[in-house]
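Residue numbers (the numbering used here), protein chains in the order written: chain A, 1 to 122; chain B, 1001 to 1336.
Just so you know, even glycine gets a beta-carbon here, dropped at the ideal spot from N, CA and C.
For clarity, every value in this text was computed on a predicted model and none was experimentally measured.
Everything below concerns the one structure shown next.
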């Protein structure tokens, strides 16, 4: 199987199917919603799409340094390990809800986990 | 930053619009929120922030137009005004009627044919250079003139000018039509929910007329909210439409109590906020209906943004929510 993860998971259509489910879960979670509430919804949806595209192994323009810079204001507001874990949990639940095969879910979760240090500014 | 061949020194993190205004450069502007598009400028050299082109037409993007209020100065090396003829057309006022003391209806005849969708908005620019956005309540296929509803604001320099000085026969400059908040439907079976406060009803009546004209089959519910009965300025028209269309339902509400002389309406008019009433009723619908519903939200920006989020959490798809927040930025700076 030479196809990339992004192709196997369903590409942009998969991102579009996942974004509402994922964002709704994040916004409904009182332990993390504070990090997502401040900006306008269009902007948030665009950001979540970029995040999902990256996590799905798709084409994206983010470097580790970008991730670090983008999350720095949130780290200042108290973003920590527990919040990172909660978001990851919602990502996994979203994929499971969409019936994505376990092997693919694991690959996505591995990519998400790889952003850990940059997101938390460690 | 070089603007129109003059060198300006921006403050840290300043937007192009704020920098120009601070240097007393006479630049058109209104909402300062990236919605109205009246502060469009043209890039000569530098880089445009993606947020400063949100909602612009592809042709405008290609020409390097950007929204000055959303563009940080630091990315711009040089920029200039856009030729006014590229932005403004002219119209003539053919009729002005008052719905009540605070709300009037304008009918405008554009000098050249104007292609638009009911629910989009145009920016009017009066002879003093004041610019404000008004939504279009007319339907291009049925109505000869552009219909706008204007709400008089206590410190509103534009609405006062329109109420007191703008006369039938006068010409006025306008920009647009602009905006994505109009009737477009994947299927005529989709349920539509329209929620509007005050003259937020203007784009919604346009969207409603468009949907009924297109023989929309799905249910349509129109929640109109106002402070008092007078503010429900489309009451008679909406009741009439409700009687003549079995799939259309009109749900008026006011935040004050009905006066004793208005009590005959008490069965129809609820007390409370229209968006709260709508959200409560939506919570009772089944999830597949909600997921398929198209939602249009117009009027008070707080109401629009809060309802948008709650409706999304209740299961409405993000792409199915169309919003038109009426920003009154300049008013807030003035004492009420």
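- In chain order, 1137 and 1234 place their CB closer than 7 Å to the CB of residue 1205 of chain B, counting only its own chain and leaving out the 5 sequence neighbours on each side.
- Your pair residue 1303 of chain B and residue 1197 of chain B checks out as a contact, with CB atoms roughly 6 Å apart and the cut at 8 Å.
- Within the stretch 1112-1141 of chain B, complete beta strand (DSSP E) segments of at least 3 residues are found at 1121-1125 and 1131-1135, given in chain order.
- Here DSSP, grouped into helix, strand and coil, assigns residue 77 of chain A to coil.
- The straight-line gap separating the alpha-carbon atoms of residue 1281 of chain B and residue 1292 of chain B is approximately 15 Å.
- Going by DSSP, residue 1090 of chain B is part of the beta strand (DSSP E) stretching over 1088-1098.
- In the DSSP assignment, the residues bridged to residue 1150 of chain B are B:1104.
- Using a CB distance below 7 Å, the part of the stretch 25-39 of chain A facing chain B consists of 27 and 28, ordered along the chain.
- Distance from the CA of residue 32 of chain A to the CA of residue 1148 of chain B, rounded to the nearest whole angstrom, comes to 43 Å.
- For residue 1271 of chain B, the beta-bridge partners assigned by DSSP are B:1254.
- Chain order gives the chain A residues near residue 1313 of chain B as 24, 27 and 28, where near means a beta carbon separation below 8 Å.
- For residue 77 of chain A and residue 121 of chain A, the gap between their C-alpha atoms comes out near 12 Å.
- Interface with chain B (8 Å Cβ-Cβ cutoff): residue 45 of chain A is included.
- Between residue 1195 of chain B and residue 1283 of chain B, the beta carbon gap of about 14 Å keeps them out of contact (Cβ cut-off 8 Å).
- Counting the other Cβ atoms within 10 Å of the Cβ of residue 1115 of chain B gives fewer than 16, which makes it exposed.
- For residue 1327 of chain B and residue 41 of chain A, the gap between their C-alpha atoms comes out near 17 Å.
- Assignment of residue 1287 of chain B by DSSP, reduced to helix, strand and coil, places it in the helix class.
- Residue-level contact check: residue 20 of chain A touches chain B, since one or more beta carbons of chain B fall below 8 Å from its beta carbon.
- The beta-bridge partner set that DSSP reports for residue 1326 of chain B is empty.
- Here residue 89 of chain A carries a helix assignment [DSSP, helix/strand/coil].
- Residue 12 of chain A and residue 53 of chain A have their C-alpha atoms some 7 Å from each other.
- Annotation: the continuous beta strand (DSSP E) that includes residue 1177 of chain B extends over 1171-1178.
- Listed along chain A, the residues sitting closer than 7 Å to residue 1308 of chain B by beta-carbon distance are 41.
- By the C-beta density criterion, residue 1022 of chain B is exposed, having fewer than 16 other C-beta atoms within 10 angstroms.
- Under the 8 Å criterion on CB atoms, residue 1288 of chain B is classed as non-interfacial with respect to chain A.
- Residue 1109 of chain B is bridged by DSSP to B:1092.
- Here residue 1216 of chain B is near residue 1192 of chain B, since their CB atoms are less than 8 Å apart.
- Here residue 62 of chain A carries a coil assignment [DSSP, helix/strand/coil].
- Shown here, residue 1314 of chain B sits in coil according to DSSP, grouped into three states, outside any helix or strand.
- Burial check for residue 1037 of chain B: the Cβ neighbour count within 10 Å reaches 16 or more, so the residue is buried.
- With respect to the 8 Å criterion, residue 87 of chain A and residue 26 of chain A are classified as neighbours on the basis of their beta carbons.
- For residue 4 of chain A, no beta strand (DSSP E) encloses it, and the DSSP letter there is neither H nor E.
- By the CB criterion at 8 Å, residue 1064 of chain B and residue 1096 of chain B fall outside the cutoff.
- Against chain A, the CB of residue 1318 of chain B has a partner CB under 8 Å away; the residue lies at that interface.
- Here DSSP, grouped into helix, strand and coil, assigns residue 1078 of chain B to strand.
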